[in-house]
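Colleague: My questions will all concern the structure given below.
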Amino acid sequence: MANFSYTRQISGATASFDQDEYRHFITVLRKKPGDLIDFLDGQGGKYTGRIIAIDTANNSFQAEVKTHRHCRPNSPSITLALALPKGKKFVFIIQKAVELGIRKIIPLETRYSVKQLPASRDKERKLIQWQKTALEAIKQCGNPYLPEIKHPIPLTSLNLPTGKNCVKLLFHGPAAEGISTQEAALARAREVIMIIGPEGGFSPEEIEFLSGQGCQTISLGSNILRLETAVIAATAIVQYLTSTLTAS
């Protein structure tokens, strides 16, 4: 069950909530005027508010802001670019990425991807579903930043940023270097991009393409990991080496 509500409609000391939030907090939890709720704006703000008005005709309600704290974003910012998996696996990955504080998610079509890119007519529908999953996850875990989820693209369309403060890690194969070789670079990074392929790995051409964009090939060990396991392991290691796991 969600611990936080969410809204971007905050004007002065008044926050307005839509029908989704109404359904959960008013219909299900039976909140009433005078009750306190905690809510997020998805841009770093954590709030406590007191419900002041309930509009049953329009399934909405308002709260008076009592406290507001702006949380600093994690540094470095972590972007996850990963091979698009089937169905519920990607939902699970989005949930865990939100819980771990990843700021951007880029789904990729790779040569050995199990899941192909959705047809054009389905792209917007899928993106809306993924964004809803991310929104529900921040409300559950209290992450004050709603991550950006990009439209899925072919890996060869990936255009990575340059700059000495951006570390690009390509997780691939047991023969690659351990991540400790990047410890010094990670310590001064402002942005980290993690690229994780399907269980079948990347093709030689894909590795060459990514290496040409400055990616360092890194191993997560000798075992073949499921995509969702690799995402969690890689993120936790990067956060540890960059000291990201600190209080906001």
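Convert by adding 1403 to the 1-based position in the sequence shown; the result is the number in this note's numbering. Glycine residues also receive a C-beta, built at the ideal position from the N, C-alpha and C atoms. Keep in mind it's a predicted model, so treat the numbers as computed, not measured.
(1) Can you tell which of N1462, L1487 and I1582 has its C-alpha closest to the C-alpha of D1421?
(2) Since C1544 sits in a beta bridge, which residues does DSSP pair it with?
(3) What residue range is occupied by the uninterrupted alpha helix (DSSP H) comprising F1495?
(4) In this structure, does DSSP put E1602 in helix, strand or coil?
(5) Could you tell me the boundaries of the beta strand (DSSP E) in which Y1450 lies?
(6) Using only the alpha-carbon positions, how far apart do A1484 and T1451 sit?
(7) Which value, in whole angstroms, describes the spacing of the CA atoms of E1527 and F1428?
(8) If I follow the unbroken alpha helix (DSSP H) through Q1422, where does it start and stop?
(9) Answer yes if the stretch 1577-1589 comes into contact with the stretch 1462-1476, meaning at least three C-beta pairs across the two stretches below 8 Å, and no otherwise.
(10) Name, in chain order, the residues that DSSP records as bridge partners for Y1643.
(11) Are there 16 or more other CB atoms within 10 angstroms of the CB of V1431, so buried, or fewer, so exposed?
(12) Span of the alpha helix (DSSP H) holding F1428?
(13) So who's on the other strand from R1629, going by DSSP bridges?
(14) Identify every residue that forms a DSSP beta bridge with Q1619.
(15) Using only the alpha-carbon positions, how far apart do S1516 and I1598 sit?
(16) Cβ of I1635 within 8 Å of Cβ of T1482?
(17) Per DSSP, what kind of secondary structure is P1510 in: helix, strand or coil?
(18) When burial is assigned at 16 or more other CB atoms within 10 Å of the CB, is A1632 buried or exposed?
(19) The beta strand (DSSP E) spanning I1610 covers which residue range?
(20) If you run the structure through DSSP and keep just helix, strand and coil, what is L1563?
(21) In terms of alpha-carbon separation, which member of E1539, R1475 and Q1532 lies closest to W1501?
(22) By Cβ distance, which residues of its chain are closer than 6 Å to D1441, with the 5 residues on each side in sequence left out?
(23) From the DSSP output, in three-state form, read off K1469 for me.
Modeller: On the basis of the coordinates in this document:
(1) Nearest of N1462, L1487 and I1582 to D1421, Cα basis: N1462.
(2) According to DSSP, which records beta bridges pairwise, C1544 is partnered with nothing at all.
(3) In this chain, the alpha helix (DSSP H) harbouring F1495 covers G1490 to E1502.
(4) In this structure, E1602 counts as coil in the three-state DSSP scheme.
(5) Counted as a single uninterrupted DSSP element, the beta strand (DSSP E) harbouring Y1450 occupies residues G1448 to D1458.
(6) A1484 and T1451 have their C-alpha atoms some 34 Å from each other.
(7) Counting only the Cα atoms, F1428 lies some 28 Å from E1527.
(8) Element bounds for Q1422: Q1422 to Y1425.
(9) Cβ pair count under 8 Å is below three, so no.
(10) Residue pairing by DSSP places Y1643 in no beta bridge whatsoever.
(11) By the Cβ-count criterion, V1431 is exposed, with fewer than 16 other Cβ atoms from all chains shown falling within 10 Å of its own Cβ.
(12) No alpha helix (DSSP H) contains F1428, which DSSP labels as neither H nor E.
(13) Answer is none; R1629 lacks a bridge partner.
(14) Partner(s): L1572.
(15) If I take the Cα positions, the gap works out to 14 Å.
(16) For I1635 and T1482, no; Cβs fall outside 8 Å.
(17) Look at P1510 here: in three-state DSSP terms it is strand.
(18) Note on residue identity: the sequence assigns Thr, not Ala, to residue 1632. Under this definition T1632 is an exposed residue.
(19) No beta strand (DSSP E) contains I1610, which is instead part of the alpha helix (DSSP H) from P1607 to S1614.
(20) DSSP places L1563 in coil when its eight states are reduced to three.
(21) The displayed chain sequence assigns Val, not Trp, to residue 1501. The shortest C-alpha separation from V1501 is found at E1539.
(22) Leaving aside the five residues that flank D1441 on each side, the residues in its chain whose CB is nearer than 6 Å to its CB run, in chain order, F1407 and T1451.
(23) K1469 falls in the strand class under three-state DSSP.
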